[in-house]
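Down below is the structure, laid out as structure tokens.
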Amino acid sequence: MANNAGPSRREAMRLKAEAEEARAKRNSRILWISLGAVAVVVVVILALVITQTLAKNGPSADQQTPPNATEKFGIELKTKDVEPAADAAHLVIWEDYQCPACAAREEAFGSVVKQLVDEGKITVEIRTAHFLDPLLRNDSSERAALAAAAADEVGKFREFHETVYKDQPEEGVGYTDQQLRVDFPTEAGITGADLTKFQELYDGKAFADFVKSANDQFTRDGISGTPTYMVGENKLEFADASNQPLIQPTPEDMLRAINEANN
Amino acid sequence: MNESHTAPSIHNWRDWVGLVARLVPGIVFLYAGITKITNIPLFVQNIRAYQLLPELWMSDILAYILPVVEIVAALLLIAGLLTRGAAAVTLMMLVVFIGGIAWVWSQGISIDCGCFGTGGEVSAEDTQYPLKIAENLGMSALCVWLLVRPRSLFSLDHTLLGGGVPVSGDALTDDDFDDDPDH
């Protein structure tokens, strides 16, 4: 009986050593699989970043700011005749060029707003986001914004802005380059040397940084949708909860609403 | 006896629970990750809309990292490989998501774009927040199960590594010796 203890203990120790070895092997296998998983994650992220960056045509190095750009990346609507009154309220209009509600608002209130600007009663800047691009899986809002900034460079922002909304296609169709660099500018009265300049600016994405900054500002300001009309910190409400209009599309009523929001 | 040295069995209900706990979050995260990774600009925008991160570039970076981690963790869960680690990563993401939803809910943040002809109705979305949180809590519970007991049916962990993940040095028990024919 006593000499049975020897081999049995040795046997136990051998089994223990084998188990230790098996466990070490297992642990090293787990380690390698873990490292493999992490490596896959890193490689895929890098590949994504590279492909997403390459997918965007690089804008020209010579980045510009439109002449009527405002501090927060809007474009000011210039008065045609008179200087704005000293106490004129300042209206900020947030838009996206593919937003159908923006086109509807422009149709109803665009001429009213411009009349108030031209009478010097308010000042207006238009800030353009392109948050609909990813939703609609195109880049039309961004390209339209690039084109609008180029139109400001040749003094036709107001006309170009009107044209884009007037000719806005059904949501999701987007704008072709032919429309943005030939049809719309021509319709907006950009011709000859101005048209050539406009197209150079558009093709070179000269306002890419400006347009991106405007889109970032949209997020920073926490604007939740378009169109949004802001007077200072106050949002203009055009309709109540039951969809009854709160502002009539007349210069008098629009001015009343803006001045109320301004106080 | 120490069950980590026996194969998962179709007669053990807990191994079935383990399988379900792998597949449910696995399939959900795989789907969610693929949806995000195929439209990264949209995901960038969505994270930005949460207004949770102080700088926009942080949202942008997260938009690249999160879908990849989601997909890899989901594939590991579905395959049953590195089950415990994948469950831990998934659980971390779920906790962040629950926090994010609670944050958006409490802040009343919502993107209404005035698009798709819906007029950007917000209130309908409000009612979804509790449901979303409940879903994520349910998946969190499944991940916790896997953290505690990573063994499950049809797992690569068992095929490749032979058994559960070692918890401590007590892998050798008397049972092992009893199985020894020489004894």
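Listed in order, the protein sequences are those of chains F and X.
For the first sequence, position 177 matches number 177 in my numbering, and the numbering has no gaps at all.
For the second sequence, position 92 matches number 1092 in my numbering, and the numbering has no gaps at all.
Note that the Cβ used here is the ideal one computed from N, Cα and C, for glycine as well.
Owing to the predicted nature of the structure, the values given are computational and were not obtained by experimental measurement.
- Residues are counted here when their Cβ sits less than 7 angstroms from a Cβ of chain F; for the region 1066 to 1096 of chain X these are Val1068, Val1069, Val1072, Leu1076, Leu1081, Leu1082 and Gly1085, given in chain order.
- Residues of the region 41 to 73 of chain F with a C-beta atom less than 8 angstroms from some C-beta of chain X are Val41, Val44, Ile45, Leu48, Val49 and Gln52, listed in chain order.
- With a contact defined as Cβ atoms closer than 8 angstroms, alanine 145 of chain F and threonine 163 of chain F miss out at about 14 angstroms.
- Here arginine 14 of chain F is exposed, its C-beta having fewer than 16 other C-beta atoms within 10 Å.
- Counting the other CB atoms within 10 Å of its CB gives glutamine 1128 of chain X a total below 16, which places it among the exposed residues.
- Cα atoms of glutamine 63 of chain F and glutamate 76 of chain F: separation of roughly 19 angstroms, rounded to the nearest angstrom.
- Contact annotation: the region 116 to 135 of chain F does not touch the region 185 to 203 of chain F, with fewer than three C-beta pairs closer than 8 angstroms.
- In terms of beta-carbon proximity, arginine 1048 of chain X lines the interface with chain F, with at least one pair separated by less than 7 angstroms.
- Boundaries of the beta strand (DSSP E) harbouring arginine 127 of chain F: 122 to 128, taken from the DSSP string.
- If you look at glycine 74 of chain F, you'll find it isn't in any alpha helix (DSSP H); it sits in the beta strand (DSSP E) that goes 74 to 76.
- Taking serine 1140 of chain X as the centre and dropping the five residues before and after it, the same chain places the C-beta of Leu1091, Leu1094, Val1095 and Ile1098 closer than 8 angstroms to its C-beta, in chain order.
- For the region 156 to 180 of chain F, the continuous alpha helix (DSSP H) assignments of 4+ residues that do not extend past its boundaries occur at 157 to 166, in sequence order.
- About 19 angstroms separates the Cβ atoms of valine 154 of chain F and aspartate 209 of chain F, ruling out a contact at the 8 angstroms cut-off.
- Using beta-carbon distances, threonine 196 of chain F does not count as an interface residue toward chain X, since no partner is under 7 angstroms.
- Any Cβ of chain F closer than 7 angstroms to the Cβ of asparagine 1136 of chain X would place that residue at the interface, and such an atom is absent.
- Membership of leucine 91 of chain F in the beta strand (DSSP E) is indicated by the continuous run 89 to 95.
- Under the 10 Å beta carbon count, glycine 222 of chain F is surrounded by fewer than 16 other beta carbons and is classified as exposed.
- CA-CA distance, valine 40 of chain F to leucine 1146 of chain X, rounds to 23 angstroms.
- Listed along chain X is no residue with a C-beta nearer than 9 angstroms to that of alanine 145 of chain F; the closest approach is about 15 angstroms.
- In chain X, no part has a C-beta under 8 angstroms from the C-beta of threonine 123 of chain F; the shortest such distance is about 25 angstroms.
- About 7 angstroms separates the CB atoms of isoleucine 1078 of chain X and isoleucine 1027 of chain X; that is less than 8 angstroms, so the two are in contact.
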